[in-house]
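**Q** Residue numbering for the sequence shown is 1 to 355, as defined by the working numbering. One structure, as structure tokens, below. Some questions next.
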Amino acid sequence: MTAVPVIALDVMGGDGGPAVTIAAAEIARTRHPDIRFRLYGREDAIRAELAKAPLVARDAVVIHTDGEILGTDKPSQVLRRARHSSMGLAVDAVKAGEAQAAVSAGNTGALMAIAKLGLRTMPGIDRPALAALLPTAKTDSVMLDLGANAECDAENLVQFAVMGAAFARTVLGLATPRVALLNIGEEDLKGTDELKHAAALLRSADLPMQFAGFVEGDKIGKGDVDVIVSDGFSGNIALKTAEGTARLVVELLTRAFKSSIFSMAGFFMSRGALRSLRSHLDPNAHNGAVFLGLNGLVVKSHGGATAQGFANAIRVAHDLVVDDIAHRIREDLDNFQAHRGAQSGGAQSAIQAAQ
Numbered sequence: 001m002t003a004v005p006v007i008a009l010d011v012m013g014g015d016g017g018p019a020v021t022i023a024a025a026e027i028a029r030t031r032h033p034d035i036r037f038r039l040y041g042r043e044d045a046i047r048a049e050l051a052k053a054p055l056v057a058r059d060a061v062v063i064h065t066d067g068e069i070l071g072t073d074k075p076s077q078v079l080r081r082a083r084h085s086s087m088g089l090a091v092d093a094v095k096a097g098e099a100q101a102a103v104s105a106g107n108t109g110a111l112m113a114i115a116k117l118g119l120r121t122m123p124g125i126d127r128p129a130l131a132a133l134l135p136t137a138k139t140d141s142v143m144l145d146l147g148a149n150a151e152c153d154a155e156n157l158v159q160f161a162v163m164g165a166a167f168a169r170t171v172l173g174l175a176t177p178r179v180a181l182l183n184i185g186e187e188d189l190k191g192t193d194e195l196k197h198a199a200a201l202l203r204s205a206d207l208p209m210q211f212a213g214f215v216e217g218d219k220i221g222k223g224d225v226d227v228i229v230s231d232g233f234s235g236n237i238a239l240k241t242a243e244g245t246a247r248l249v250v251e252l253l254t255r256a257f258k259s260s261i262f263s264m265a266g267f268f269m270s271r272g273a274l275r276s277l278r279s280h281l282d283p284n285a286h287n288g289a290v291f292l293g294l295n296g297l298v299v300k301s302h303g304g305a306t307a308q309g310f311a312n313a314i315r316v317a318h319d320l321v322v323d324d325i326a327h328r329i330r331e332d333l334d335n336f337q338a339h340r341g342a343q344s345g346g347a348q349s350a351i352q353a354a355q
């Protein structure tokens, strides 16, 4: 458990830049007085905003750089300019041990490339996965991978399940989260060979999770499972579909309430319920996707997040650092591999005895 969590912020990332990032840091510092910040970006812009954020200004370390990663930058440009960019320096701080996590609202592809190249994957993890919280009818659920890996084999999916369960135990406070694989049906015979193989491995795993089998896309929102595991291609489509559906619902309700005088009267009578719905579906309330499986923590905020939304991304980073999710993942992977090896050894002994 880290005594003083140090978070490196890419201050220049996102639509709001320093105004949003520093305001968010002030909110986060109010919620978690133990946080300390390293701020990367143009010093003049950072200092101007720190004048409005006394808690952060008290002990934040400001590192000046003129370099920025733009949303239009190509991967080749990103990697060439990473060393001198606010995003790249924030990730480097994690690699150097100067910070325990980096948070950025910048270009997702750029952040992924910089983080994977700079931090590399943990032992026992073949590929990192992008995980985030999704609102459901019950509580939030974790979903991964959301776009880092378009194609995955069974071993990748099992590793994602281990990391997703550790994430849910930390962020959602669940002792044994319910984990399911995203599939085209709930029956054991449905899906690809990779999904079937991953399901078989997870059913026999001795891990702090409950494997719930398969879940279909239309059941994600019910909240019957806590962790949804998928390849990045399917996961990203499911995420974008859910976000688009949420916006559609809000838009249709708005149109319906504006359609007549009677409808408008109904709107005024149900304003409280509608505010609750909008708040539940607000992306800012669930902001903070995490690249799991790297030798260091990197949290991605929505580019258009408000200060409250970016503060939520900082909260996710704080909780993962304090709870030492890297240790949890390593411990779960070691236990899984040991249990798997014991099963394999037992099966081999049985075969030899039969012969």
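Idealized CB from N, CA, C, for every residue including glycine.
How many Å lie between glycine 288 and phenylalanine 310 at the Cα?
**A** Glycine 288 and phenylalanine 310: Cα-Cα distance of roughly 8 Å.
**Q** Using only the alpha-carbon positions, how far apart do arginine 58 and asparagine 183 sit?
**A** If you take the alpha carbons of arginine 58 and asparagine 183, they lie about 50 Å apart.
**Q** Verify whether the separation of the beta carbon atoms of proline 177 and valine 229 is less than 8 Å.
**A** Not in contact: proline 177 and valine 229 (Cβ atoms no closer than 8 Å).
**Q** Do methionine 163 and leucine 292 count as a contact pair if the criterion is CB distance below 8 Å?
**A** Yes, Cβ-Cβ distance for leucine 292 and methionine 163 is below 8 Å.
**Q** Just confirm the distance between the C-beta atoms of glutamate 194 and alanine 154, as a whole number of angstroms; I'd bet it's less than 8 Å.
**A** At roughly 5 Å, the Cβ-Cβ gap stays under 8 Å, so glutamate 194 and alanine 154 are in contact.
**Q** Does the contact criterion of 3 or more C-beta pairs under 8 Å hold for the region 73-88 versus the region 113-122?
**A** Cβ pair count under 8 Å is three or more, so yes.
**Q** Assign serine 263 to buried or exposed, taking buried as 16 or more other Cβ atoms, counted over all protein chains shown, within 10 Å of its Cβ.
**A** The residue in question, serine 263, is exposed, as its Cβ has fewer than 16 Cβ neighbours within 10 Å.
**Q** When you compare the CB positions of proline 33 and glutamine 100, do they come within less than 8 Å of one another, or not?
**A** Contact: no.
**Q** So what does DSSP say about isoleucine 325, is it helix, strand or coil?
**A** Helix.
**Q** Mapping DSSP to helix, strand and coil, what is lysine 240?
**A** Correct three-state label for lysine 240: helix.
**Q** For the region 27-109, which segments carrying the alpha helix (DSSP H) assignment without a break, of at least 4 residues, lie completely within its bounds, in sequence order?
**A** Fully enclosed alpha helix (DSSP H) runs of 4 or longer: 43-50, 54-57, 75-81, 86-95.
**Q** Judging by CA-CA distance, which residue of Gln337, Asp206, Gly17, Arg31 is the nearest neighbour of aspartate 319?
**A** Closest by alpha carbon: Arg31.
**Q** With DSSP collapsed to three states, give me the class of glycine 118.
**A** Helix.
**Q** Which residues in the same chain as isoleucine 220 place their Cβ atom closer than 8 Å to its Cβ, once the five residues preceding and following it in sequence are excluded?
**A** Excluding positions up to five away in sequence, the list reads Leu134, Thr136, Ser141, Met143, Leu182, Ile228, Ala238, Ala242.
**Q** Leaving out five residues before and five after glycine 232 in sequence, what residues of the same chain have Cβ atoms less than 6 Å from its Cβ?
**A** Excluding sequence neighbours, glycine 232 sits near Asp145, Gly147, Ala148, Asn149, Ala150.
**Q** In chain order, which continuous runs of the alpha helix (DSSP H) of length 4 or greater are located wholly inside the region 156-244?
**A** DSSP runs (the alpha helix (DSSP H)) wholly in the region 156-244: 193-203.
**Q** Near methionine 122, which residues of its chain fall below 6 Å by C-beta distance, leaving aside the five closest residues on each side in sequence?
**A** Cβ within range, chain order: Gly293, Asn295.
**Q** Measure the alpha-carbon distance for aspartate 92 versus glycine 16 and round it to whole angstroms.
**A** Each residue's Cα considered, the two are about 23 Å apart.
**Q** Can you give the Cα-Cα distance for phenylalanine 160 and glycine 303, rounded to whole angstroms?
**A** The alpha-carbon atoms of phenylalanine 160 and glycine 303 are separated by roughly 25 Å.
**Q** Here's a check: name, in chain order, each residue in its chain whose Cβ is nearer than 6 Å to the Cβ of isoleucine 125, leaving out the five neighbours to either side.
**A** Excluding sequence neighbours, isoleucine 125 sits near Gln159, Gly293.
**Q** By DSSP, does serine 141 sit in helix, in strand, or in coil?
**A** Strand.
**Q** Whole-angstrom Cβ separation of leucine 39 and valine 62, contact assumed at under 8 Å?
**A** So it is a contact: roughly 5 Å between Cβ atoms.
**Q** According to DSSP, is leucine 134 part of a helix, a strand, or is it coil?
**A** Strand.
**Q** Name the two residues that bound the continuous beta strand (DSSP E) containing valine 290.
**A** Segment 289-292, the beta strand (DSSP E) holding valine 290.
**Q** Leaving out five residues on either side along the sequence, give the residues of the same chain with a beta carbon under 7 Å from the beta carbon of glycine 213.
**A** Excluding positions up to five away in sequence, the list reads Ala180, Glu186, Ala199.
**Q** Do you know whose CA, among Phe167, Ala25, Gly191, lies nearest proline 208's CA?
**A** Minimum Cα distance to proline 208 is reached at Phe167.
**Q** Taking C-beta to C-beta, are glycine 11 and serine 301 nearer than 8 Å?
**A** Inspection of the sequence shows that residue 11 is occupied by valine rather than by glycine. Going by C-beta atoms, valine 11 is not nearer than 8 Å to serine 301.
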